[in-house]
Structure formats: C-alpha cells, structure tokens
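*Asks:* Structure incoming, see below.
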Amino acid sequence: MKARRKEEGRWAWRLTGFITLCVYIFMFAPIVATVILSFNASMFGGFPMTGFSLQWYYKLMANEQVLAAFRTSLWIALVTAAVTTAVGVVTAFALVRFEFTGKQALSTLVIMPALVPETILGVGLLVLIKAVDQPRTMLLLVLGHILLAVPYVVLITQARMVGIRRVYEEAALSLGASRFASFREITLPLLVPAVVGGALLAFTISFDNTSASLFWRPAGVETMPTQILSMLKISISPEINALGTVMILVTVGIPLVGGLILQSLTRLKRRGQPTEEAR
Amino acid sequence: MPDSQDTLSSPRPASAGASALGTAAAANSPAVEFRDIDIAYGKFVAVRDFSLSIAKGSFVTLLGPSGCGKTTILRSIAGLVDISGGQIMIDGRRVDDVPIYKRNIGLVFQSYALFPHKNVFDNVAFGLKYRDVPKPEIVRRVGKALDMVRLPGTEKKLPSQLSGGQQQRIALARAIVFEPQVLLLDEPLSALDANMREEMRVEIKKIQKETGITAIFVTHDQEEALSMSDRIVVMNAGAVEQIGTPQEVYETPATAFVADFLGKANMLPGTVTRSGQGTAVTLAAGQTVNVVPPKPLAQGGKVTVVVRPQKLSVGTAAGANRLSGRVVSASYLGGSAIYEIDIGGGTLIRANTPISGRVFGEGEAIEVGFDPDGCVLLDEGGQRIS
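Top to bottom, those sequences are chains Z and B.
Positions in the first sequence are counted from 1; adding 7 to them yields the working numbering.
Positions in the second sequence are counted from 1; adding 26 to them yields the working numbering.
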C-alpha cells in the first residue's frame, strides 16, 4: 500500500516535470529558433540550416531603413525612460507620503493605462488628436509611450517607497534639512534600486511597443517593431531573424546589464567597509 | 544656531525690535512650555488641555501606557504633529508656525533611524552640515560627540555594521552634536535587549548631565522613568494624571491610575469607621486599619487605602496595622521575597519585603502590616485626599 503511494507520488512528480518542460519549450523555442536561424546561410528564413553565416547581420547594417528605425526607437525609449522615471518617482512619493482628497482616484487613474487594452489606448489617443485637429507628431508618439510606461514605474517605486520608513525623513527634517533636501539626500538615494529598475522597464516597454506605436507614429516614421512588421509584409527574409536577435539582445540585455551594475555597485560599497564583529 | 531664527521674532538682544521685557523673558523662560495644548487626529482627540513648563537643563519624562498621548506631545515639540489649540514655546519663543527643520531640536527615535546609506560620520555630521559649520569644525565636533558616546573611531562604518546599542548611541551623538535647545527621546531604549537597556539608561543620563541639555523622554517603562527623571509627567488617555519628582509620584500617587501604573500598588477599598484622632478604616476584606489622613474624614465615607508592596512587612516585623491572612504564593528572590497574601474575602495583598528570619510557605498563616503613615488615601473618585 505504502509502496504504491510512493510510486504514485513519483509519477506525479515526473508529470509535473514534463509539463513544466513543455511550457518552457513552448515559450523559448521560437526565440531560440530565431537566434539560430539568423546565422543560417540559406536564402530562406527557415530550417534546414545550410551553413553558418553572418551575412544577414551585414545586410542589416547596410539597410538604411532599419538603422533609421533603430535610432528612432532608441531615442524614443531613452526619452520615455527619463521622463517616466521622473514623473513616476514624484507620483509614487506623493501617493505614499501625503494624504489628500482624491488620492484613491489619482492612484487608480495612474495605473489605468496598464489595465486598458493597448489597442483601445492607441485608438483613443488618435481619436483625441483628430478631435482637436492636431497632426501626428513624434511628440505624440513619445507622450504615448510615457503614458504606457508610467503605471509600471509608479508601481515599482511605490512598493519600494512603502518600505522606506518615514522616520528617516523625520530624522533628516529634525536635523535641519528642508523637505526638498531630505528628499534629495535621504529618500532618493534609498529609492535608487526602484529608480533604476523603473527606468530600465520603461525603456524596454517603449523599445518593443508595437500596437500602440502603429497608431501613433507620424507618417513615414518607423520604430523597430513597426519596421519588422512592414518587412514581414513583403517576405520572411532571414534578415528579420537577425533583426529579431538584435531586438532580443537589446530588450533582455539592457535590463540584465543594468541589474548587474546595480548589484556590483552595492557590493563594492559593502566591501569598502569590512564587516566587523558587532558587539 | 541657524541665522534664520533671528528673523522669527527672536527675543535675543541682538534684534533691535526686541523689547526689554522680551529679553528678560528669554533669560529665565522655561526651555519648553505648553499652554493648553489640544491635539486631534480628525475626530480623535489624542491630547487635551495639556499644560507643562520644563525648566532649562532638566530631565523630564512623559510616562504612560501606549495610546496615552505622550509620543504625540513629543512629536508636537518637534513639529511632526500639528497642534489644534494652545501654544508651544521653546525658549520663550512661540514655535507653532516654525517648520520642523528650523526648530533646532534633537530627536532620538525608538528605531534609531540612522540613515542606512550614510556612514557614521555622515550621519552625525548631518545636522552640522545644514547649519553651515565649516568642515574642520565638523570633523572636530563629530569626533567629540563620538568620544562622548564612547564610540570613537567608528566614523567609516555603516549603521548596519553596528549593534542595536551602538546604533542608538550614534543616534544620540547625531542628535546632540549641533547643541540643540531641547533633546527629545522617543522610547529610545525599547528596541534594545534588557542588559543593553540598563547600560544605555545610565549613559543617556550621564550625557544629559554633562551637556546640561534639556531632555524630554517618553517611555511606558516606570523603572526607566523613576531612575532617570528629574520630573515625571504621568499621562493617561490624553491628559495629565500627575506631575512630580519620581519620589513624589511613587510615594504619593495623586490618582488611582498613577498608583496602579507605577509599581502595582495594593488598592484596598474600605469605609471610614472612626474619624478624628486615630481615624480608622474598615476594609472591604473585613479587617480594620488605622490611617493618618491629611484632613479630617467624615465617618461612613468610602476611601481606598493604597499601600506599596515595599511598605509592607510580614511576620514579627509587621508594622502597626496588622492584618492576618494566608500566603497564596511566595517567590524567594534572595535578599527579599514577594508574597501574595489573602486577607479574607478574596482580597489579595502583595508584599515585597526583606527577609528577616524564615521564608513563609504557601498556605501558611501570616501577619502582614504597615505603618499608618505608609499609605495614601484616595477618595471615591480615585483622587488623593490631601
């Protein structure tokens, strides 16, 4: 009886493991395929591989349209990250530290863009712009991306902010620092992990946003994702695989590198002051 | 001291507008004065009609159970809580409209509140930096403050590398280094373990004496209050119950609350059965004791006899008022013993008495007694008869 139960348990574990494996394969196989195929020598963007080649990357480098799209996406993402982080940190500070009427409503409103489907947001902003008879400009595109990224930065910063006890600020105030000085000297440095994390996330959200960008971009402007879409309309060239690999590198690599830098920074600081036996 | 203070109706002689009267008031005005303070959070009144004058250089403790408003009062001095009525004066100067960062007060928190990302030097130097003290002077004064709290040479350490007691000493150094007008201590010992607490108690008191700073200390621990204070303010439910020296509040509690909160006094209800010379009270437990009331009591009046456990003695040493009872529990503490004695009618008396002769055991018959002037009498409303 006991042995049988043990046997059943083992099978349950195996099944769990198998399903987990399937899920991971399902999630990562397309990515792996894209990366592998980007090095394929064949003219056709599919298996079987015919040899190793970097030709699609060379071709990509020579493609002025792609380079322009890359530059556009890069600076939109950078501006979005900078503005969103500033707005998000201030909003989170206000939401956590102050009591004011309409706080709950503001809190919900700020998070709203993350809950509303992107297509609806895309159409909505477009309709609004048309209603006030304004052209689609780069400014609109950047503002749209900021709108999309702010909720995430606010949520991240809010979570960190709640963990920073108010006594630190009270102590700074009692020692003679003005409210602004105590924010700059105490609260902000303690918020750094959230600020960096929020900025990286905002960058990623902006850099690979597709559907909303399709609605908002001015005529003739392509971001990386919309460029890929328009290339796909013509043919499935292996060049797209190379482009996809570059996208993966940027959107996964940048947060990863940022996180590592942050980690080594805090570690360095700790190593600077060797721990001594606390009495 | 920051220059900005000059502009805020400072009564210092330097300012031309100050009248002779104002100057005189500053010289001998109390360090901190509360005039009819009310503090409310929405509809909840945390403090009502609080008045207190604190002399310069004294150590005053606000003592009471949690939620009695003591911390609220402390925070109102710092400017962390807005008062809804009354006035707070620091050094004779009204501070209601002065923001916290211009009040020049030192604040020590229960949770230390050292800036975790700054090392000890930067933590202690923080207040000096905002007072435009030149760098070499900052280094000198931080060094001096660290010497004072007996942690010299720790400048480069981060707070996380220090023990709780060390962190609280650094917090103390940070709060006194810029020579504030008042030092506020918000339960600074509560987060420490028992051994460290006793050490810090002595240390805080010593530093306060050395610097001559006015200190206001908040605690719910009666032992801390009794051992450290020049004066104790006992609070309950947002109001003052009694203000006095440790000895006064302990030996002559003004109310039933004070008697009970400080040292768990024996409260024996009874009726006055003989008035005038040799007033006698018959206790609800059935036995009669003699008391020395400060004013004549009417016969038949209801009173409560309050006796400290330390004022009771047992056996042959028992004082004039002898009650016979039975030992319910006995704890032997080496030099002394604590007995719980049933004196009839289910009334328990607690006696903490030096051991002379033998220790009584549970269930034994015992004589317990106190001197007629070793007790305090409360009236029906719980107020001391005086």
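Glycine residues also receive a C-beta, built at the ideal position from the N, C-alpha and C atoms.
Nothing here was measured: the structure is a model prediction, and the numbers come from that model.
Looking at residue 16 (chain B): is its Cβ nearer than 8 Å to the Cβ of residue 272 (chain B)?
*Replies:* The question about residue 16 (chain B) has no answer, for chain B in this structure spans 27 to 412.
*Asks:* Since residue 180 (chain Z) meets chain B, which of its residues come closer than 7 Å, beta carbon to beta carbon?
*Replies:* As a position in the first sequence, residue 180 (chain Z) is number 173, starting the count at 1. Ordered by position in chain B, the residues that pass the 7 Å Cβ test against residue 180 (chain Z) are 126 and 127.
*Asks:* Using a Cβ-Cβ cutoff of less than 6 Å, which residues in the same chain neighbour residue 314 (chain B) once the five nearest sequence positions on both sides are dropped?
*Replies:* Taking the first residue of the second sequence as position 1, residue 314 (chain B) is located at position 288. The residues are 306 and 308.
*Asks:* Residue 125 (chain Z) touches chain B at which residues, Cβ-Cβ below 9 Å?
*Replies:* Looking up residue 125 (chain Z) in the first sequence gives position 118. Going along chain B, no residue has its Cβ under 9 Å from residue 125 (chain Z), so there is no contact; the nearest lies around 38 Å.
*Asks:* So is residue 131 (chain B) in contact with chain Z if we call contact Cβ pairs under 8 Å?
*Replies:* Numbered from 1 along the second sequence, position 105 holds the residue referred to as residue 131 (chain B). Chain Z contact via Cβ: present.
*Asks:* For the region 282 to 307 of chain B, which residues have a beta carbon sitting closer than 8 Å to at least one beta carbon of chain Z?
*Replies:* Listed in sequence order: no entries.
*Asks:* For the region 57 to 77 of chain Z, list every residue whose C-beta sits within 8 Å of some C-beta in chain B, in sequence order.
*Replies:* Within the region 57 to 77 of chain Z, not one residue has a Cβ closer than 8 Å to any Cβ of chain B.
*Asks:* For residue 211 (chain B), go through chain Z and note every residue whose CB falls closer than 9 Å to its CB, in chain order.
*Replies:* Stepping through the second sequence from its first residue, residue 211 (chain B) is reached at position 185. Chain Z residues near residue 211 (chain B): none, gap ~12 Å exceeds 9 Å.
*Asks:* Mind pulling the chain B residues with CB within less than 7 Å of residue 174 (chain Z)?
*Replies:* Within the first sequence, numbered from 1, the residue matching residue 174 (chain Z) stands at position 167. What residue 174 (chain Z) touches in chain B: 135, 137 and 139.
*Asks:* Which residues in chain A sit within 7 Å of residue 251 (chain Z), going by Cβ to Cβ distance?
*Replies:* Chain labels in this structure do not include chain A; the protein chains are Z and B.
*Asks:* Can you pull the DSSP bridge partners for residue 426 (chain B)?
*Replies:* An answer regarding residue 426 (chain B) cannot be provided, because it is not within the stretch 27 to 412 covered by chain B.
*Asks:* Tell me whether residue 122 (chain B) is buried or exposed, calling it buried when 16 or more other Cβ atoms sit within 10 Å of its Cβ.
*Replies:* Walking along the second sequence from the start, residue 122 (chain B) turns up at place 96. It counts as exposed.
*Asks:* Among Z:220, Z:270, Z:64 and Z:99, which one has its Cα closest to the Cα of residue 79 (chain Z)?
*Replies:* Locating residue 79 (chain Z) in the first sequence gives position 72, counting from the first residue. Ranking Z:220, Z:270, Z:64 and Z:99 by Cα distance to residue 79 (chain Z) puts Z:220 first.
*Asks:* On the three-state DSSP scale, how would you describe residue 410 (chain B)?
*Replies:* Counting from 1 along the second sequence, the entry for residue 410 (chain B) is found at position 384. Three-state DSSP puts residue 410 (chain B) in a strand.
*Asks:* Chain Z beta carbons: is any one of them nearer than 8 Å to that of residue 47 (chain B)?
*Replies:* Walking along the second sequence from the start, residue 47 (chain B) turns up at place 21. Low per-residue confidence applies at residue 47 (chain B): pLDDT is 41, beneath 50, and the placement is therefore not dependable, though the value from the model is reported in the following sentence. So, not an interface residue.
*Asks:* Is the CB-CB distance between residue 131 (chain Z) and residue 223 (chain Z) below 8 Å?
*Replies:* Translated into the one-based positions of the first sequence, residue 131 (chain Z) becomes position 124. Translated into the one-based positions of the first sequence, residue 223 (chain Z) becomes position 216. Not in contact: residue 131 (chain Z) and residue 223 (chain Z) (Cβ atoms no closer than 8 Å).
*Asks:* Using three-state DSSP, classify residue 199 (chain Z) as helix, strand or coil.
*Replies:* Indexing the first sequence from 1 puts residue 199 (chain Z) at position 192. The answer is helix: DSSP assigns residue 199 (chain Z) an H, G or I state.
*Asks:* Flag residue 198 (chain Z) as yes if its beta-carbon sits less than 8 Å from any beta-carbon of chain B, otherwise no.
*Replies:* Residue numbering aside, residue 198 (chain Z) sits at position 191 when the first sequence is read from its first letter. The Cβ of residue 198 (chain Z) sits no closer than 8 Å to any Cβ of chain B.
*Asks:* Starting from residue 104 (chain Z) and walking both ways along the alpha helix (DSSP H), at which residues does that stretch end?
*Replies:* The residue labelled residue 104 (chain Z) in the question sits at position 97 within the first sequence. First-last of the alpha helix (DSSP H) with residue 104 (chain Z): 71 to 104.
*Asks:* What in chain Z is Cβ-close to residue 119 (chain B), meaning under 9 Å?
*Replies:* As a first step, residue 119 (chain B) must be located in the second sequence, where it is residue number 93. Residues of chain Z passing the Cβ test: none, with the nearest at roughly 17 Å.
*Asks:* What first and last residue would you give for the beta strand (DSSP E) that runs through residue 254 (chain B)?
*Replies:* Along the second sequence, read from residue 1 onward, the residue named residue 254 (chain B) stands at position 228. Here residue 254 (chain B) belongs to no beta strand (DSSP E); instead the alpha helix (DSSP H) covers 248 to 254.
*Asks:* Is residue 139 (chain Z) helix, strand or coil when you go by DSSP?
*Replies:* For this step, residue 139 (chain Z) is matched to residue 132 along the first sequence. Coil at residue 139 (chain Z), not helix or strand.
*Asks:* Within the same chain, show all residues whose beta-carbon is closer than 7 Å to that of residue 334 (chain B), passing over the 5 residues directly before and after it, in chain order.
*Replies:* For this step, residue 334 (chain B) is matched to residue 308 along the second sequence. So the list reads 289 and 291, once near-sequence residues are dropped.
*Asks:* Closer than 8 Å, CB to CB, is residue 106 (chain Z) near chain B or not?
*Replies:* Walking along the first sequence from the start, residue 106 (chain Z) turns up at place 99. It does not: the Cβ of residue 106 (chain Z) has no partner Cβ on chain B nearer than 8 Å.
*Asks:* Is the CB-CB distance between residue 225 (chain Z) and residue 143 (chain Z) below 8 Å?
*Replies:* For this step, residue 225 (chain Z) is matched to residue 218 along the first sequence. For this step, residue 143 (chain Z) is matched to residue 136 along the first sequence. The answer is yes: Cβ separation under 8 Å.
*Asks:* For residue 67 (chain B), count neighbouring Cβ atoms within 10 angstroms of its own Cβ and tell me buried if that reaches 16, exposed if not.
*Replies:* One-based indexing of the second sequence puts residue 67 (chain B) at position 41. Exposed: under 16 other Cβ atoms inside 10 Å.
*Asks:* Mapping DSSP to helix, strand and coil, what is residue 232 (chain Z)?
*Replies:* Walking along the first sequence from the start, residue 232 (chain Z) turns up at place 225. Helix at residue 232 (chain Z).
*Asks:* Since residue 363 (chain B) is in the beta strand (DSSP E), which residue starts that stretch and which ends it?
*Replies:* The count along the second sequence starts at 1 and reaches residue 363 (chain B) at position 337. Unbroken beta strand (DSSP E) run through residue 363 (chain B): 362 to 368.
*Asks:* Among B:405, B:367, B:293 and B:259, whose alpha-carbon lies nearest the alpha-carbon of residue 87 (chain B)?
*Replies:* Residue mapping note: residue 87 (chain B) aligns to position 61 of the second sequence, counting from 1. Relative to residue 87 (chain B), the option among B:405, B:367, B:293 and B:259 whose CA is nearest is B:259.
*Asks:* Looking only at C-alpha atoms, which of B:361, B:404 and B:243 sits nearest to residue 99 (chain B)?
*Replies:* Against the second sequence, residue 99 (chain B) aligns to sequence position 73. Answer by Cα proximity: B:243.
*Asks:* Does DSSP classify residue 56 (chain Z) as helix, strand or coil?
*Replies:* Counting from 1 along the first sequence, the entry for residue 56 (chain Z) is found at position 49. Residue 56 (chain Z) sits in coil when the DSSP states are folded into three classes, being neither helix nor strand.
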